[in-house]
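*Asks:* A single structure is presented below for examination.
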Amino acid sequence: MDTPRIAIPIPWSTDAAYSQRAWPQYAEALRRCGAEPVPVPLDSTNDEIARIANSCQAFLLPGSGADVNPQKYGQARDAETADADPARENVDELLLQDAHNMHKPLLCICFGVQMLNVWRTGSLVQHVEGTGIDHRAGREVMEAHPAEVAADSMLGGIVAATGVPEHEHMLTVPVNSSHHQALRDPGDGLRIVARCPTDGVIEAVEGGQHPGHFVLGVQWHPERTFDHSPASRAIFERFVDEARQWKPREIKDSIACWWRSSLPLTTRPQSIVAAMPCWSLPPGCSRRSSVIGRSSTAICSNCVLARSSRGVSQSSCLAISIPYGPSAR
4 MDTPRIAIPI PWSTDAAYSQ RAWPQYAEAL RRCGAEPVPV PLDSTNDEIA RIANSCQAFL
64 LPGSGADVNP QKYGQARDAE TADADPAREN VDELLLQDAH NMHKPLLCIC FGVQMLNVWR
124 TGSLVQHVEG TGIDHRAGRE VMEAHPAEVA ADSMLGGIVA ATGVPEHEHM LTVPVNSSHH
184 QALRDPGDGL RIVARCPTDG VIEAVEGGQH PGHFVLGVQW HPERTFDHSP ASRAIFERFV
244 DEARQWKPRE IKDSIACWWR SSLPLTTRPQ SIVAAMPCWS LPPGCSRRSS VIGRSSTAIC
304 SNCVLARSSR GVSQSSCLAI SIPYGPSAR
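Take 4 as the starting number for the sequence shown in this note's numbering and just add one per residue.
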């Protein structure tokens, strides 16, 4: 595919000015690398999100002024933690599930990498302070501090190709910084591949479903330094190239439509759903579920398998919302 479609959620449901300023930067970086950016409105129904997801070859999870709901990683809310954005989290979780199931390329930036980490059962530092580094320098500061990248990582290979020299198995690149939270414990399957050398704050993680599955999360904003930083530009170029090469998998896991529970998070039973009905039961369906990661959806894998065996690579199987919380970890 010459022009891959890449879905980008609208960054923040409660601050239109932020979203109108931020979203075009991600979109422009993708366009300049040959991709078609596709907005995902945060007021979309789950059916609408699914249709967008199924029409795209990759996903970019952008930054936001919100913070991830700390209940999702088993912590009480810190006084410095900003309000959560349930609408944004819902969109991200559904895209993360589809990227996981279908092995679609995934680039997660700032808030996006925090969502990735929590979805993979990791945790966050709710407020970074007293480290001697200003991690909230803001969008006007192009080089806030250095990040040391592991030379043997996928990100290291991207950075090295821009001419950054290796020193003691590390590559040092200047990055911008606009965050007050950070990754604490990396989620399942995620490898820490970059840190701030001064305070050890995690700056990047990677790790897909297999060695060739592109999943990269960075704490900085490469879209802001696309013209200034060869490393930032190279990240987008590689991501778009991965999206261009993506092919649908003949597998049993795919998202297409969901039923969202009407119960609020705090009143849902704290257990993972073991089975769910199917929208239309194909022959051989035994109604078993497949739940991967700390997801807001459960996928009926047998229904999808039955549909895939008839030549349909992406299903119309129904999924049901499941809760978060310590007992669901």
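For each residue, glycine too, the CB sits at the ideal point set by N, CA and C.
Between Q28 and H106, is the Cβ-Cβ spacing less than 8 Å?
*Replies:* no
*Asks:* Would you kindly check if the distance between the Cβ of I11 and the Cβ of Q60 is under 8 Å?
*Replies:* Taking 8 Å as the Cβ cut-off, Q60 and I11 do not qualify as a contacting pair.
*Asks:* Which residues in the same chain have their Cβ closer than 8 Å to the Cβ of D46, if we skip the five residues on either side of it in sequence?
*Replies:* S16, A90
*Asks:* Is it the case that the Cβ atoms of L109 and F217 are separated by a distance below 8 Å?
*Replies:* yes
*Asks:* For M157, which residues from the same chain have a beta carbon less than 8 Å from its beta carbon, with the 5 sequence-adjacent residues on both sides left out?
*Replies:* V196, E209, F217, L219
*Asks:* Please report the residue range of the beta strand (DSSP E) in which P89 lies.
*Replies:* No beta strand (DSSP E) holds P89; the alpha helix (DSSP H) holding it covers 89-105.
*Asks:* I'd like the ranges of any beta strand (DSSP E) spanning at least 3 consecutive residues and lying wholly in the stretch 22-63.
*Replies:* 39-43
*Asks:* Please tell me whether L1 and Q117 are closer than 8 Å, where the distance is taken between their beta carbons.
*Replies:* In the structure displayed, the chain extends from 4 to 332; residue 1 sits before or after that span and is not available.
*Asks:* For G220, report the span of its beta strand (DSSP E) as first-last.
*Replies:* 218-221
*Asks:* List the residues that DSSP assigns as beta-bridge partners of H172.
*Replies:* Its beta-bridge partners do not exist; DSSP assigns none.
*Asks:* Per DSSP, which one or two residues make a beta bridge with R123?
*Replies:* Bridge partners of R123: none, in fact.
*Asks:* Which partner residues of P225 appear in the DSSP bridge assignment?
*Replies:* P225 pairs with nothing; no bridge assigned.
*Asks:* Comparing C-alpha positions only, which one of S126, V131, P168 sits nearest to P73?
*Replies:* From the listed residues S126, V131, P168, the smallest Cα separation to P73 is found for S126.
*Asks:* In angstroms, rounded to a whole number, what distance separates the CA positions of S22 and M4?
*Replies:* 29 Å
*Asks:* Could you check the C-alpha separation between G77 and V121 for me, to the nearest Å?
*Replies:* 10 Å
*Asks:* If we count the other Cβ atoms within 10 Å of its Cβ and call it buried at 16 or more, is R194 buried or exposed?
*Replies:* exposed
*Asks:* Are T201 and I136 touching if we call contact CB-CB under 8 Å?
*Replies:* Yes, the pair counts as a contact, with Cβ atoms nearer than the cut-off.
*Asks:* Between the C-alpha atoms of A30 and P168, what's the straight-line distance to the nearest angstrom?
*Replies:* 30 Å
*Asks:* Short of 7 Å in beta carbon distance, which residues of its chain neighbour H236, apart from the five on each side in sequence? Order them along the chain.
*Replies:* For the sequence presented, residue 236 should be read as Arg rather than His. Correct list, in chain order: F229.
*Asks:* Residues in its own chain within less than 7 Å of D70 by CB, not counting five upstream and five downstream?
*Replies:* T84, A85, A87, Q184
*Asks:* Does the beta-carbon of E92 have 16 or more other beta-carbons within 10 angstroms, so that it is buried, or is it exposed?
*Replies:* Buried is the call here.
*Asks:* How many Å lie between H130 and D81 at the Cα?
*Replies:* 8 Å
*Asks:* Whose C-alpha, out of A150, S180, W223, is nearest the C-alpha of G203?
*Replies:* A150
*Asks:* So, P14 versus W26, is the Cβ gap smaller than 8 Å?
*Replies:* Yes, they are a contact pair.
*Asks:* Given a cut-off of 8 Å, decide if A246 and A102 are closer than it, judged by their beta-carbon atoms.
*Replies:* The Cβ-Cβ distance between A102 and A246 does not fall below 8 Å.
*Asks:* Excluding the 5 residues flanking V178 on each side, which residues of the same chain have their C-beta closer than 6 Å to its C-beta?
*Replies:* A150, W223
*Asks:* For L174 and R123, I'd like the C-alpha separation in whole angstroms.
*Replies:* 26 Å
*Asks:* Work out the CA separation of V128 and A79 for me, nearest whole Å.
*Replies:* 12 Å
*Asks:* Would you check if the distance between the CB atom of C111 and the CB atom of H182 is smaller than 8 Å?
*Replies:* Remark: C-beta atoms of C111 and H182 do not approach each other more closely than 8 Å.
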